[in-house]
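S.K.: The structure's right below; bear with me while I get my questions together.
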Amino acid sequence: MAKNVNPNEMSFLDHLEELRWHLIRSTIAVVIIGAVAFILKDFIFNTVLFGPKQADFPTYQLFCNISKFLGFSDAFCIDRLNFEVQSRVMAGQFSAHIWTSIWAGFILGFPYILYELWKFISPGLYEKERKNSKGFILIASFLFFLGVLFGYYVVAPLSIRFLASYSVSPEIHNDIDLSSYISTVRAAVIACGLIFELPIIIFFLTKVGLVTPEILKKYRKISLVVVLILSAVITPPDVASQIVVALPILILYQISIYISKVVLRKEAKKAKKNAKSN
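Here it is in structure tokens:
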């Protein structure tokens, strides 16, 4: 096991050994949760993964109701999604089962992975910094799962509906490969989960002096372009979908500016207090 020594006296190799055990414990947690997901195959695939494939998925129903409310009749309503999912590789279904379980282990085990990361970096912080960052795991986990839900209930359905209904000729029927379908859902869910960590990232970058509110405001226009490009990458190429995805990211960017201001304000108060005491 890793040595139980004072972090201030640890050598570079000791730090690597410590990191190795944190990674091992995180991997074990992912594998254990993944094993549970592997057993719950029917729920993971039929209910969760193939949920956005069904016409009665809550997102489609919501958009249908909104379109009717706005007077667009049933323009956004669907009876069925015109595509079939197929597996064209001998080990395709088994491989999909294994990797989907592992990714489920990563998503559900994310709070524990954060905990192990925090255990690794926290010894290098001052006692006051550790206290001020006490809610790190809770807030970061909340933002991640909020992003996962956004990806699953908004980005994935929009992508699936657009791509499944897109056609260049009535002669072509969409038979989507299992791995392609799963990767579409997975990319939407995990990308949004990580994007929603932006306020946490800005918090730590501000703490180490790499980011200030002025910098964030200065590059706001560039950030808007980056957000639109990012939205175009993780959503289908229609304007409505990109706007739906871009809005929460822009809101997170504004929240990040506010967080950066708060961090700098607290740092300034701390410096002023230390100056008076000296």
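By our numbering, the letter at position 260 of the sequence shown is numbered 1256, and the numbering carries on one by one without gaps.
Quick reminder that beta carbons are idealized off the backbone N, C-alpha and C, glycines included.
Because the structure is a prediction, the values reported are computed rather than measured.
Anyone know if the C-beta pair for Y1249 and L1194 falls short of 9 Å?
M.R.: yes
S.K.: Is it the case that the Cβ atoms of G1030 and F1102 are separated by a distance below 9 Å?
M.R.: Here G1030 is near F1102, since their CB atoms are less than 9 Å apart.
S.K.: Is V1185 closer than 9 Å to Y1148 when the C-beta atoms are compared?
M.R.: yes
S.K.: State the start and end residues of the unbroken beta strand (DSSP E) segment that holds I1168.
M.R.: Where I1168 is concerned, there is no enclosing beta strand (DSSP E), given that its DSSP letter is neither H nor E.
S.K.: Would you grab the beta carbon distance between F1140 and F1192 for me? Rounded to a whole angstrom, and I think it's under 8 Å.
M.R.: 6 Å
S.K.: Any chance the stretch 1170–1187 sits against the stretch 1080–1098, with 3 or more Cβ pairs inside 8 Å?
M.R.: Touching, yes, given that three or more Cβ pairs across the two stretches are closer than 8 Å.
S.K.: Name the one or two DSSP bridge partners that D1173 has.
M.R.: Q1082
S.K.: May I have the straight-line CA-CA distance separating K1266 from V1259, to the nearest angstrom?
M.R.: 11 Å
S.K.: Measure the CB-CB distance between L1110 and I1133 and report whether it falls below 9 Å.
M.R.: yes
S.K.: Does M997 pass the burial test, meaning 16 or more other C-beta atoms within 10 Å, or should it be called exposed?
M.R.: Reliability of the predicted coordinates at M997 is poor, the pLDDT of 42 falling under 50, and no value is obtained from them.
S.K.: Taking all protein chains shown into account, decide if F1065 is buried (16 or more other Cβ within 10 angstroms of its Cβ) or exposed.
M.R.: By the 10 Å Cβ count, F1065 comes out exposed.
S.K.: For F1046, which three-state DSSP category applies?
M.R.: coil
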